[in-house]
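Worksheet: one structure, shown below.
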Amino acid sequence: MRWLNQVAQITLINLRNVPQRMGTSLVVVIGIAGVVGVLVSVLAMAEGFRHTLASTGRPNRVILLRAGSDAEMSSGIGRDQIPLIASLPAIARDASDRPLASAELVVMVDLPRRGQTDPNNVPFRGIQPSALSIRDEVRIVNGRPFARGVREVIVGRKAAQQFEGLEVGSRIAFRDSDWQVVGIFTSGGDVHESEIWADVEVAQSAFRRLGFQSVTATLADGSDAGLAALEASVKRDRRFSLAILREPAYYAKQAGVLSRLISVLGYTVAAFMAVGATFGALNCMYSAIASRQVEIATLRAIGFGGAPVVVSVMIEALVLALLGGAVGGTLAYVYCDGATLSTLNFNTFSQVAFDFRVTPRLLAQGFVWALLIGAVGGLLPAVQAARLPVTVALRTS
Amino acid sequence: MKYLPLLWAGLFRKKTRTLLTLASIVIAFLLFGLLQAVQAAFEAGADAADAKRLLTISRYSFIELLPIAHLKQIERVPGVVGVSYAEWFGAKYQNESNAFPVFAVDPERYLAMYPEFTIAPAQREAFARTRTGAVAGVRLVERFGWKIGQTLPISSEIHPKTDGDLNWQFDLVGVLDAEDPAVRGNTDIVLINVAYFDEARQNNRGKTGWYVERVADSSQAKAISEAIDERFANSPDETRTQPEKEFAVGFAKQIGDIGALVTRILIAVFFTILILTGNTLAQSIRERIPELAILKTLGFSDGKVTALVVAEAVLMLVLGGAIGMAAATALLPVVNGGTGGRFPPLFVGAETWMWALVLALFVALAVGLPPAWRARRLRIVDALAGHR
């Protein structure tokens, strides 16, 4: 009890005269805020990208590609295969007994970012009518769905934000064809919001394609058994050479390279900065103690123990670190959270737009880093303060 | 120079403090070197671009193909002195998609187009002669331990052979290298002979992905690009031709503004360092006010005292900066080894060293001038009396 009392007394004295040492204390706070701010914002970028791809698709849906292809762009499925696939019993049917399978064509179209002129690879997806019942997360938020058989498109919300000329009512020209934008859709912030959708038959004739790239379908039975049944029926039929993946598995794989790259960048930079900030914190705590040398020695002379001195200095360092963590986290949250960025996904060579996500987990991680820096930065000076012989400390002024 | 010992003594008056501050500066410049190297890698395509090379792709998208028949027409465009073409193979190696790019090319034409790539003459000849031949970049050869003469089993995700099989086999007959480290990353490719590839594939025979042209006069690059596109205007296969550099810059922009991201991180780093160093320096000057007064008493002019304080900041920043940049230079080969050649080679260029020096001087002035000003205005009597 007595010991705790001592700790509390000294800590209070320390914290109360922090304002007198404003300069040095601020340096600790700013140094740590810098580390936490950079760490959280770069990881928020990786997290946002990963989240966009991970939230795409439902586990009860599958995507069928040509065997050996890892992405839609490199896949190809012949027209003759489509009715065969759609009629497989493992694929679900809607109320009027139509199969819930959509054969799709994906091409890239060149569009400039807003206010720029350089072309970007924006995915253009031709879909069959069933696609909207299969992907029931899709909502038209502005305008209307495209009509069948005409050159009309609906545009994902993020694509409309990022690229030039995708407002409802505007016309876009691709390869000797003019398309009218008739609607904007959302799909829960997933990767499809970066795409442009049209009737697949119209898209095929405009882009002079005969086949399809993929089939997206709902499983009649979403369990592993249902998937196994589909796989078995495809394997049995020698006309097929297809790879079948659950949608979440397929899209998670597309996130691989880029999210890893961003995370590595974030951790590397933050780690170096953390080392730098630790040196800064050490410096400041040493000078804080140097300026209070007589005071500490006096306390010890009148009977305060060494341990309470150590603990009190540590507490001061940790309080400053927490403050820095809070400032850094807040800055990252204010400046980054929700900011939209579009980049080229190396797995698909197409543009993906995503929002930075400053999650509670990332903020917590930021605080852990802040406390670690504070702890290391406070410990050595604290021990030094406690160990300095009282007589020596009192004599120097 | 004769003041160096004095500066040194001033700096190391409090050893721990100076060493800690120096360490943070070293870290800041280490990060500067590393991040600039990453940024340079993203811009390497544009830097290594040859001003006399043009690139032609389909007007609508890079995934659309162009007929090989365009070749003869492009050759006839005035100002064009060489044409080569390539097709994207879509390689999958050891079950990894796009483990490295594979281009199907006409060996003679393609290698003539890229004189910065070096290859032994005998290997070059073998590549032209061998229908199933392939040449690979030196970093790929090292990464996968390939040997000349061996068979390369590479699958295509896009091109089935006439029998529908996606698994292809090529004979490795040569190794590509480049003398310039900035160009070496561009040799991270495998080239295969289009003569065999085009005959053996099921679809899209007689088509190619893109053309590369060489022009005699780089100042005409823009005009010749337009002339090429004009030739195919209103045909079923319209083209978009750009100087290589423009194309590379456009591609880098697709990735997004990496430069802006790196700059923002560096601003955060250096703002922190500025505060840290500035505080330490101000503190150190405060403690030495009586000493400075003595210097003035001994006859040092105001200007000299000011210069001494600024010089101390400069010495600290330049020393820390040099150590940091040297550390980055030493560290990057390790990083390059660690990525296993999956990322372009990173290195600290001469330009980065120059920027580091500019940055060090700038920070030194920013942190050195305020205390220097204070030292300049110091009145000897007050200072010696202990009034601050």
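Line by line, the protein sequences are chains D and S. So the mapping is simple: this note's numbering equals the position in the first sequence, first residue as 1, plus 887. So the mapping is simple: this note's numbering equals the position in the second sequence, first residue as 1, plus 83. No residue lacks a Cβ here, since even glycine has one placed at the ideal position from N, Cα and C.
May I ask you to report which of helix, strand or coil DSSP gives R471 (chain S)? Its pLDDT being 48, under 50, R471 (chain S) is placed unreliably in this model, and the value from its coordinates should be taken loosely. Here R471 (chain S) sits in coil by DSSP.
Contact list for the segment 281-298 of chain S against chain D, Cβ threshold 7 angstroms: none
In chain order, what residues of the same chain have a beta carbon less than 8 angstroms from the beta carbon of L1281 (chain D), not counting five sequence neighbours either side? V1181, A1184, T1185 and A1188
When the Cα atoms are used, what is the spatial distance from I272 (chain S) to Y279 (chain S)? In this structure, the CA atom of I272 (chain S) is about 18 angstroms from the CA atom of Y279 (chain S).
Residue environment, K1045 (chain D), which counts as buried when at least 16 other CB atoms sit within 10 Å: Around the beta-carbon of K1045 (chain D), 16 or more other beta-carbon atoms lie within 10 Å, marking it buried.
For the pair the segment 117-132 of chain S and the segment 324-341 of chain S, tell me if three or more CB-CB distances fall below 8 angstroms. With the cut-off at 8 angstroms, the segment 117-132 of chain S and the segment 324-341 of chain S touch.
From P190 (chain S) to A205 (chain S), what does the alpha carbon distance come to, in whole angstroms? 13 angstroms
Which residues in chain D sit within 8 angstroms of G339 (chain S), going by Cβ to Cβ distance? Correct list: L1228, S1229, T1230 and L1231.
Decide yes or no for the touch test of the segment 952-960 of chain D against the segment 175-185 of chain S: beta carbon pairs closer than 8 angstroms, at least 3 of them. yes
S107 (chain S) at chain D interface by Cβ criterion, 7 angstroms: yes
Going by alpha carbons, who is nearest to W171 (chain S) out of S:E126, S:L235, S:G257 and S:D281? S:D281
For the segment 974-1049 of chain D, list the beta strand (DSSP E) runs that are entirely contained and at least 3 residues long, ordered along the chain. 988-999, 1006-1014, 1026-1030 and 1039-1043
Using the rule of at least 16 other Cβ atoms within 10 Å of the residue's Cβ for burial, across every protein chain shown, is P1010 (chain D) buried or exposed? Around the CB of P1010 (chain D), 16 or more other CB atoms lie within 10 Å, so the residue is classed as buried.
Can you have a look at T1278 (chain D) and say buried or exposed, based on whether 16 or more other CB atoms are within 10 angstroms of its CB? exposed
Using a C-beta cutoff of 7 angstroms, does I1202 (chain D) count as contacting chain S? no
Measure the C-alpha to C-alpha separation of L1097 (chain D) and I241 (chain S) and round it to an integer number of angstroms. 15 angstroms
As a quick exercise: from S:R267, S:P416, S:L114 and S:A211, pick the residue whose alpha carbon is nearest that of A1161 (chain D). S:L114
Report the start-end ranges of each alpha helix (DSSP H) in the segment 1133-1199 of chain D that is 4 residues or longer and not cut off at the edges. 1134-1178 and 1180-1188
Would you please verify whether the beta carbon of R1126 (chain D) is less than 7 angstroms from any beta carbon of chain S? no
Residues in the same chain with beta-carbon distance under 6 angstroms from L414 (chain S), minus the five sequence neighbours each way, listed in chain order, please. none
Secondary structure at K155 (chain S), three-state DSSP: helix, strand or coil? helix
Contact the segment 358-378 of chain S vs the segment 134-149 of chain S: 3+ CB pairs below 8 angstroms: no
Report the residue from D:A1136, D:G1264, D:L1132 and D:R1244 whose alpha carbon sits nearest the alpha carbon of V927 (chain D). D:R1244
Starting from G1002 (chain D), find everything on chain S with Cβ-Cβ shorter than 8 angstroms and list it in chain order. Those within 8 angstroms of G1002 (chain D) in chain S number zero; the least Cβ separation is about 12 angstroms.
Bounding residues of the alpha helix (DSSP H) (the contiguous stretch that carries L381 (chain S)): Here L381 (chain S) belongs to no alpha helix (DSSP H), and DSSP marks it neither H nor E.
List the DSSP bridge partners of W1289 (chain D). The displayed coordinates of chain D run from 888 to 1284. Any statement about residue 1289 (chain D) would go beyond what the structure contains.
My output table needs one value for I275 (chain S): the three-state DSSP class, helix, strand or coil. Note: I275 (chain S) maps to strand in three-state DSSP.
For L67 (chain S), three-class secondary structure by DSSP: Because chain S here runs from 84 to 471, residue 67 (chain S) falls outside it and cannot be looked at.
Starting from G165 (chain S), trace the beta strand (DSSP E) in both directions and tell me its first and last residue. V163 to W171
Just tell me which of D:E1024, D:S1199, D:D984 and D:D967 has its CA closest to the CA of Q1271 (chain D). D:S1199
So who's on the other strand from P236 (chain S), going by DSSP bridges? S:Q252
is_contact[R471 (chain S), chain D] using C-beta, thresh 7 angstroms: At R471 (chain S) the pLDDT is 48, less than 50, meaning the model places this residue with poor confidence; the figure from the coordinates comes in the next sentence. No - not a single Cβ of chain D is within 7 angstroms of the one on R471 (chain S).
Under 7 angstroms Cβ to Cβ from L485 (chain S), same chain only, skipping five residues before and after it: list those, please. Residue 485 (chain S) lies beyond the stretch modelled for chain S, which goes from 84 to 471, so this question has no answer here.
If you draw a straight line from the alpha carbon of E225 (chain S) to that of P184 (chain S), how long is it in whole angstroms? 16 angstroms
Suppose you measure from the CA of A1119 (chain D) to the CA of Q233 (chain S); what does that come to, to the nearest Å? Their backbone Cα atoms lie some 38 angstroms apart in a straight line.
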